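Chains as they are written, first to last, in my numbering: chain H, 15 to 266; chain Z, 3 to 408.
Using N, Cα and C, we set each Cβ at its ideal position, and we do this for glycine too.
Remember, predicted model here, so these are calculated numbers, not experimental data.
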Amino acid sequence: MDNSIIEIRQLRKDYHVGEVVVHALRGVDLQIKEGEFVAIMGMSGSGKSTMLNILGCLDQPTAGDYFLDGTNVNSMNRDELARLRNRKLGFVFQAYNLLPRTTALENVELPLFYNPRMKSKERLERAVLALEAVGLKERMGHMPNQLSGGQQQRVAIARSLVNDPVLILADEPTGNLDTRTSVEIMELFQSLNDKGRTIVFVTHEPDIAKFATRNVMFRDGRIQRENMVTDRLIASDVLLTLPVENIEEFEN
Amino acid sequence: MNIKNLLKIAVRALVRNKLRAILTMLGIIIGVASVIAMLAIGEGSKKNIQDEMSSMGTNLIMIMPNMQMRGGVSLGASSSMALKMSDVETLRNEAVYLSAVSPQVSASGQVIYGNQNTQTTVHGVSEEYLDIRKLEIGSGRIFSSSEVRGMSKVCILGTTVVENLFGEGADPVGVTIRIKNLPFEVIGVLEDKGESGMGQDQDDLILAPYTTVQRRLAAIDYINGIYASAVSEEKSTAAADEVTEILRRTHKLKESDEDDFRIMSQSELLETVSSITDIMTYLLGAIAGISLLVGGIGIMNIMFVSVTERTREIGLRMSIGGRSRDILRQFLVESIIMSILGGALGVVFGYLIATAAGTLMGSPVVVTTQSVILAFAVCFVIGVFFGWYPARKAANLNPIDALRYE
């Protein structure tokens, strides 16, 4: 329990849709250790996205305890949660959520603007480093609409890395991407994980979940099954088996 | 978040959406400019009316003989012989509320110079008349009191008469013209006064000493009217009362007799004018109100829409660690920048529109400081409020709800 990043006990989440109460989560216990690469799976409506939003402090649970990196998140107010997201979490969204008409570099810099201690010089350095880590250093002056989907998602991953978070959360990061690009993104996640980064992502594709070290299966708001991945795929190997398509379609 | 970061974020957000920022500012520009232009045009015409009225002399008191009825037949006001030169003398000596008094004797007839002739009215007056009527000498001089006493055949021409006899722009001072076949020396020309508010040519006249006109042109022993100045605008009612009292006494009218003269003071006219300008003021207020309302609603809409469509951006900013207050401050700074820029441009455009309209309509426009401050302040407040309010709504959502906002 010493090195656990996430500790969840009897977490419940109810939504009120008109008169109807939807039980999105009906009591979930989950523990994620440092350095793990966890895929949360399940069908739509299983509660997996709700789970991720609560893990990311974007949404609050109705009941239950959530300890993130040793602190109880339930007792925090909005500002403390914002600070927590800024210092300890990194997000990757399915739709990338990059600011339009804003260069890749400025998009990556964005989280650091909300850290008052960050000097502008350090902000720039860290943004460049993060872009370098996702292999897009030479494209930092590009606008999102000048980048392919995979490149945009890499920028989003760089943005999630830039504040050196204890945990990266990704909501269907490959949902908008083709197979090869999806595997490339997984390769990036695997290399980040190899360097010790804890990553939790949601997917409904069993093939993509096989790149993780552990799978958590949600069904009807409960964890149906949890297992270590025995036949784990290594993305760099998989890429060799995939046909190379026109990857460089966006030259400058 | 420190100020530097805040400004940087806000300016970046504005610059990256130049079109949206410009359109938003356009709403503010139009709002401010229309209010300023409308008020300037309204203020201009209000001032126009006031100027015209005061150019007639705000202290002016006119005393005319009253209509005489004989056996039910009106003989007309000018036929009345009720006013005599002695009345002028009495008023000069006794009336304390009058600062200047001039008799007026009119004669109309043909005026000839060389082979040119024209028909006009000769006003026989004393030298105070020009002050009383606020007339200015353009060239030459006014006749002296000794010329008045000596019945000198000197005259001052209005510019229309000069034009008719000598051609436009000529200076006839020193030449001799013939009025009803009598030679008169032209000693001065009046400053151009233009048309009166009622469309009357105020320059088609000749002034001459009343003595000369009374004896030599009209051959009468009475006068047609008395023009006087009250000591001040406020005292014109008191002056009118005083004149009534003095004239009734000297005319030996009994209690039951009606006045054989009538007094028109400018203060009566001023009452009419001030009621007109009051209406103008209300009208302007209504115009300003409607312009502000329309401009304000425009600003409100565009701000509301542009901030609401950025709810997802707000969600993203919150998810990467922006606190509600960071987001709010950013939108506040953005809307302040846009409101100030838009407001300033609106003032400039409003001024230009007003000036152009003034030139086009040939009437003066007055851009008042109050209208600028009013337009700017109201649009600024509306702009900032509706930049802030939807942002506050969005920033108070759960980050995930803001992110998912459609």
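Residue i versus residue j: straight-line alpha-carbon distance, rounded
i	j	result
residue 62(H)	residue 182(H)	16 Å
residue 191(H)	residue 164(H)	7 Å
residue 109(Z)	residue 124(Z)	5 Å
residue 160(H)	residue 399(Z)	32 Å
residue 116(Z)	residue 206(Z)	19 Å
residue 85(Z)	residue 349(Z)	58 Å
residue 152(Z)	residue 66(Z)	26 Å
residue 74(H)	residue 233(H)	20 Å
residue 79(Z)	residue 263(Z)	The pLDDT assigned to residue 79(Z) is 48, lower than 50, so where the model puts this residue is not dependable; a value taken from the coordinates is nonetheless given after this. Whole-angstrom Cα-Cα distance: 9 Å.
residue 133(H)	residue 139(H)	10 Å
residue 97(H)	residue 258(H)	42 Å
residue 40(Z)	residue 283(Z)	12 Å
residue 158(H)	residue 227(H)	31 Å
residue 187(Z)	residue 178(Z)	4 Å
residue 61(Z)	residue 107(Z)	21 Å
residue 144(H)	residue 172(H)	5 Å
residue 375(Z)	residue 288(Z)	17 Å
residue 172(Z)	residue 113(Z)	17 Å
residue 92(Z)	residue 265(Z)	16 Å
residue 163(Z)	residue 252(Z)	38 Å
7 Å Cβ shell around residue i - same chain, five flanking residues per side excluded
i	result
residue 345(Z)	30, 34, 378, 381 and 382
residue 366(Z)	46, 49, 50 and 360
residue 394(Z)	330
residue 94(Z)	103
residue 224(H)	243, 245, 246 and 247
residue 202(H)	148, 168 and 171
Residues near residue i in its chain [Cβ-Cβ closer than 6 Å; skip 5 each side]
i	result
residue 396(Z)	313, 316 and 404
residue 123(H)	137 and 141
Reduced DSSP secondary structure (H/G/I, E/B, other) of residue i
i	result
residue 18(H)	strand
residue 265(Z)	strand
residue 161(H)	coil
residue 85(H)	strand
residue 66(Z)	strand
residue 202(Z)	coil
residue 20(Z)	helix
residue 221(Z)	coil
residue 247(H)	coil
residue 45(Z)	helix
residue 255(Z)	coil
residue 72(H)	coil
residue 403(Z)	helix
residue 27(Z)	helix
residue 256(H)	coil
residue 274(H)	Given a span of 15 to 266 for chain H in the structure shown, any question on residue 274(H) remains unanswerable.
residue 128(H)	coil
Boundaries (first-last residue) of the alpha helix (DSSP H) holding residue i
i	result
residue 229(Z)	Careful: residue 229(Z) lies outside any alpha helix (DSSP H), inside the beta strand (DSSP E) at 227-232.
residue 207(H)	193-208
residue 108(H)	From DSSP, residue 108(H) is part of no alpha helix (DSSP H); its letter is neither H nor E.
residue 80(H)	First-last for residue 80(H): 77-82, but that is the beta strand (DSSP E), not the alpha helix (DSSP H).
residue 387(Z)	371-397
residue 89(Z)	87-96
Local Cβ density within 10 Å of residue i, reported as buried at 16 or more and exposed below that
i	result
residue 192(Z)	buried
residue 256(H)	exposed
residue 234(Z)	exposed
residue 55(H)	buried
residue 4(Z)	exposed
residue 128(H)	buried
residue 156(Z)	buried
residue 35(H)	exposed
residue 176(H)	buried
residue 305(Z)	buried
residue 356(Z)	buried
residue 183(Z)	exposed
residue 202(Z)	exposed
residue 98(Z)	exposed
Residue interval of the beta strand (DSSP E) (run including residue i)
i	result
residue 102(Z)	100-115
residue 123(Z)	118-127
residue 180(Z)	178-181
residue 102(H)	That residue, residue 102(H), is in no beta strand (DSSP E); its alpha helix (DSSP H) goes 92-102.
residue 216(H)	212-216
residue 229(H)	228-233
Any non-hydrogen atom of the ligand ATP within 7 Å of residue i CB
i	result
residue 27(H)	As far as ligands go, the structure on display features none, and thus does not contain the ligand ATP.
Residues near residue i in its chain [Cβ-Cβ closer than 8 Å; skip 5 each side]
i	result
residue 152(H)	none
residue 390(Z)	330, 333, 334 and 337
residue 95(H)	71 and 87
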